[in-house]
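These notes concern the structure reproduced below.
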Amino acid sequence: MGKHRVMATVNGDAVEFLCETGQTLLEALRDELQLSGTKEGCGTGDCGACSVMLDGRLVCSCLVLGVEAQGKTIHTIEGMAKGEQLHPLQRKFLEHAALQCGICTPGMLISARALLERNPDPTEEQVRYGLAGNLCRCTGYHKIVEAVLDAAREMRGA
Amino acid sequence: MSTTVMYEEKPLKVVGTRPLRPDGVDKVTGRARYAADYNLPGQLIGKVLRSPHAHARIKSIDTSRAEALPGVKAVVTRDDFPDMQTEYAAAGELTINFRDVTRNMMAREKVLYDGHPVAAVAALSASIARAALGLIKVEYEVLPHVIDVVEAMKPDAPLLHEHQFTDGVTPKPERPSNLAKRMVFARGSLDEGFKQADLIIEREFNTKPVHQGYIEPQACIATYTEDGQAEVWTGTQGHFVFRAQLAKVLEMDVSKIRVTATELGGGFGGKNNIYNEPLAIALSRKSHRPVKMVMTREEVFRATGPTSGANVKVKLGCTRDGRITAADAELNFQAGAFAGSSVAMASMCAFTRYDLENVRVVGHDVTVNRPKVAAYRAPGAPIAVFGVESVIDEMAEKLGIDPIELRLRNAAKEGTQTYYGPKFGPIGFIETLHRAKAHPKYRAPLGPNQGRGIATGFWFNIGKETSSALHINEDGTATLIMGTVDVAGGSRAAMAMMVAEELGIAYDKVRPVIGDTSALGFNFITAGSRGTFAGGMAAVLAARDAIEKMRRRVARIREVPLEAVAWKDGRGQPAEGGGAQFKPMTLQEIARDAGKTGGTISGHSEINAEGAGPGFGTHIADVEVDRQTGLIKIVRYTIVQDVGKAIHPAYVEGQFEGGAVQGIGWALNEEYVYGADGVLQNPGFLDYRVPVASDVPFIDSVIVEVPNPNHPYGVRGCGEVPIIAPMAAISNAVQNAIGVRLREQPMSPPRVLKAIEAAAGAGAQV
């Protein structure tokens, strides 16, 4: 079975990889590009641990085929910090103790950033619904919601 | 022999503050390495063929076509593993039997549940491995199965184990049965107790199995070399215990297996047991290449341990003024395919929040055609407590006594004799009740269809074998090697904080690292909320050992007697009344010159920690019930819990919040659904619905600190108590809201609606 050659832009870098027809974008990122920050929790689009941005749209990378990435722009957790400078969401997650095991954290951060891009001033309820596609089993979401609200405040300069 | 270190009250600089966790930056940047993130050169991918039947005899397994598929490098079945005799060992809070462990990791005579492993394949790629599974021919003789615990206890129920005769009854039964064990915990006289009662309430409850639901599926990578050595990287709560189990089932020397605990993506008791690890080693041994195995979510649900579903009967008697005179319970727990549920722990927890004279708890451990259960956060306790706290709530309602007041009248305190063994030392149960009663949330106004429920929880907490090493580095920093896995609660931070406090240096100068099995002596698994208690005790003792060595070094360099050197604020200085004056030496100075003054300085400790402090909590749940849809919404939720001492308060709150929400999921939605064919119908997060952010409110945490006298900083352990009370608290709140008492969990909308309709039909309260 032949593999497909895919060219895409990941976190600003032009990349090229080979993948099988049935391989998901998540598998391509993790196994072909060694970007293992994106996690697999379910493989069926139910947990959000594999959240990435695909051409500016929040997707579960386990529900996208690797070949569909051809010519597309992808942003993953590995591109969230700018050098030494953590993204405010990353910083607030640390300060608020908004992570425990951390397996949901990359997907949660990608989702939270997408939420704040759409709505820079969300209510608590909007944060809760905005992150409802990302499962976390450790934190009970309390400190995650606090961290996102605090990051939003800081990013708005409020 | 065991170790306890007495609590001493002293001014604290680091303990009790909220620094950032040492594993934090790696986790927010995607750098943290979980088991599935590890790869080795030349690795193969392993996959497992699983039983499609709930119960069947394996007549034959033909792997020849799979082995012939290009790219397949090894296939293993039951024939590749030695059979094991009955031999018990501790694994977390539950006990395992190696005869069963080897049968659970790879079926031998029979398959006992949908998802039971039958064969495993290692191939060049995942797609080839999956294709190979389809080429393995297994001939089954399908047998009748049993899923329900009450059905399984009937004499004519389909039998899982022909050799299983009920343990704990005399004389030994003549026929084998699914009732693996009967246990009784008793004190006083029930007859006397019920005679003294003015009010007797007897009720029956049922709960469904729920899964730990860690977001990281089990994963491991193993390499077996031609000289008989194996190395394994895996997500585990206890790598030393995994090593012991692997050595046993593979008949290898312990010294020839090295296990690294990778960053753990959640466990909650579910990662105390080996599943794919022995298969990966066997496949590596056969293929002469490293083998990586990652479970799918469906495999996690079908084949790794949920907690028991159960049938619980509770009978309580009390006087008119609310003093409980007799307490009786029967707990029937599903063990899954092999004996060994958490029913013993549940039995010991059922009534233990109360000071009772006349108690009996009978526990039954019952095998059914479901995956073997595993520990889940305070294993079994939430199930028993749901029944008991529901009856106590009904009692308070009937007597017209405030539910917290009723509990205060019966509360256990220092000196209370438990019915399962020990007498309590200093405990903080009454403090949690008082703090809950005084909390503003206990008086917050309730709207229409809203109600408030109270429930309480108790957990033992444990100590056990623990070791630690503390290396004083040449620049005056310290590296702490821990043997207890940080199961994500933040124990690495907590240990580093205690060590920094002891040494008198800054928190960020202590780097905690979890050593692999070659770095330290045996450590028991991180279970029973022992991480920060026992691991912390070992870390403190390693620090004190290092301090002792540094004092000796200062005494030698400054040419004064050892007694003249005191350790304070990160330096060796003249002891008060020590009789010698000398220039103090800082830790940094001692470390810098260590090479020239006697060599490297490291502290060690190898202990069997004892004296874990029992933990108690009181929960206040406010709910709103939608009478049209049956949906229960959690409006407010408050936890008041005694943790002894919160080393890192934010991480203690994290335990409260996470535990409460797991309990909310258990109460409202989560359940294993089986069809009549014995096949699991909801092995995915779409149909097995754990709480999402929009399902829950903020959780109010009140930390109570009644120090554990047997820990240097007073730690009790805090991770398990928070999940115990939610089911009961929420059910009691629903009763308070709409006058309908739900005795079946989960309280999902269809069940609530049915109960509302039944109550309306009966024209009275249920």
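Those protein sequence lines, which keep their order, are chains H and E. Reading the first sequence from the start, the letters are residues 1 to 158 in this note's numbering. Reading the second sequence from the start, the letters are residues 1001 to 1766 in this note's numbering. Note that beta-carbon positions come from the ideal geometry of N, C-alpha and C, so glycine has one too. Please read these numbers as outputs of a predicted model, since none were measured by experiment.
- Taking CB atoms only, H/G102 has a neighbour in chain E less than 7 Å away.
- If you ignore the 5 residues before and after E/R1108, its C-beta comes within less than 6 Å of the C-beta of R1078, all in its own chain and listed in chain order.
- CA-CA distance, H/K82 to E/E1548, rounds to 45 Å.
- Within the segment 1245-1323 of chain E, the complete beta strand (DSSP E) segments of 3 residues or longer fall at 1257-1261, 1291-1294 and 1310-1318, listed in chain order.
- The C-beta of H/S51 comes no closer than 7 Å to any C-beta of chain E.
- In this structure, the alpha-carbon of E/T1017 lies about 11 Å from that of E/E1501.
- Not one beta carbon of chain E lies nearer than 7 Å to the beta carbon of H/L54.
- In the same chain as E/A1280, and ignoring 5 residues on each side of it, the C-beta atoms closer than 6 Å to its own belong to G1046, C1220, A1222, V1291 and M1293, in chain order.
- Interface annotation, E/V1485: not in contact with chain H, CB-CB separation never under 7 Å.
- Along the segment 1065-1119 of chain E, the alpha helix (DSSP H) occurs as fully enclosed runs of 4 or more residues at 1098-1105, listed in sequence order.
- For E/R1377, none of the residues of chain H pass the 9 Å Cβ criterion, the least Cβ distance being about 10 Å.
- With a threshold of 7 Å between beta carbons, H/A112 makes no contact with chain E.
- In the three-state scheme derived from DSSP, where H, G and I count as helix and E and B as strand, E/G1615 is classed as strand.
- The C-alpha of E/G1193 is placed about 7 Å away from the C-alpha of E/G1317.
- Look at H/S61: its C-beta is not under 7 Å from any C-beta on chain E.
- The residue among E/A1564, E/N1682, E/V1721 and E/K1027 with its C-alpha nearest the C-alpha of E/R1551 is E/A1564.
- E/E1174 and E/E1357 have their C-alpha atoms roughly 36 Å apart.
- By the neighbour-count criterion, in which a residue is buried when 16 or more other Cβ atoms sit within 10 angstroms of its Cβ, H/Q34 is exposed.
- The closest CA to that of H/L26, considering only H/G2, H/K3, H/V67 and H/D13, is found on H/V67.
- Contacts with chain E at 7 Å (Cβ-Cβ) do not include H/T9.
- Taking all protein chains shown into account, E/Q1581 has fewer than 16 neighbouring C-beta atoms within 10 Å of its C-beta and is therefore exposed.
- Counting the other Cβ atoms within 10 Å of the Cβ of E/N1669 gives 16 or more, which makes it buried.
- Beta-bridge partners of E/Q1641 (DSSP): E/G1617 and E/I1703.
- Considering only beta carbons, the part of the segment 136-154 of chain H lying closer than 9 Å to chain E consists of C136, R137, C138, T139, G140, Y141, H142, K143, I144, V145 and E146, in chain order.
- A distance of 7 Å or more separates the beta carbons of E/G1521 and E/I1462.
- Residue burial annotation: E/R1741 is buried, with at least 16 other C-beta atoms found within 10 angstroms of its C-beta.
- Under DSSP, E/K1568 takes part in a beta bridge, and its partners are E/R1571.
- Per DSSP, E/N1608 is one residue of the beta strand (DSSP E) stretching across I1601 to A1609.
- In the structure shown, the three-state DSSP call for E/R1203 is strand.
- For E/D1393, the uninterrupted alpha helix (DSSP H) segment begins and ends at A1381 to L1399.
- Counted as a single uninterrupted DSSP element, the alpha helix (DSSP H) harbouring E/H1434 occupies residues F1429 to A1438.
- Residue environment analysis places E/V1169 among the exposed positions, since fewer than 16 neighbouring C-beta atoms fall within 10 angstroms of its C-beta.
- For E/T1532, the closest of E/A1612, E/Q1573, E/H1434 and E/R1556 by C-alpha to C-alpha distance is E/A1612.
- At least 7 Å separates the beta-carbon of H/N134 from that of H/G37.
- Between the segment 1144-1157 of chain E and the segment 1119-1134 of chain E there are fewer than three inter-stretch CB-CB distances shorter than 8 Å, so the stretches are not counted as touching.
- In the three-state scheme derived from DSSP, where H, G and I count as helix and E and B as strand, E/Q1450 is classed as strand.
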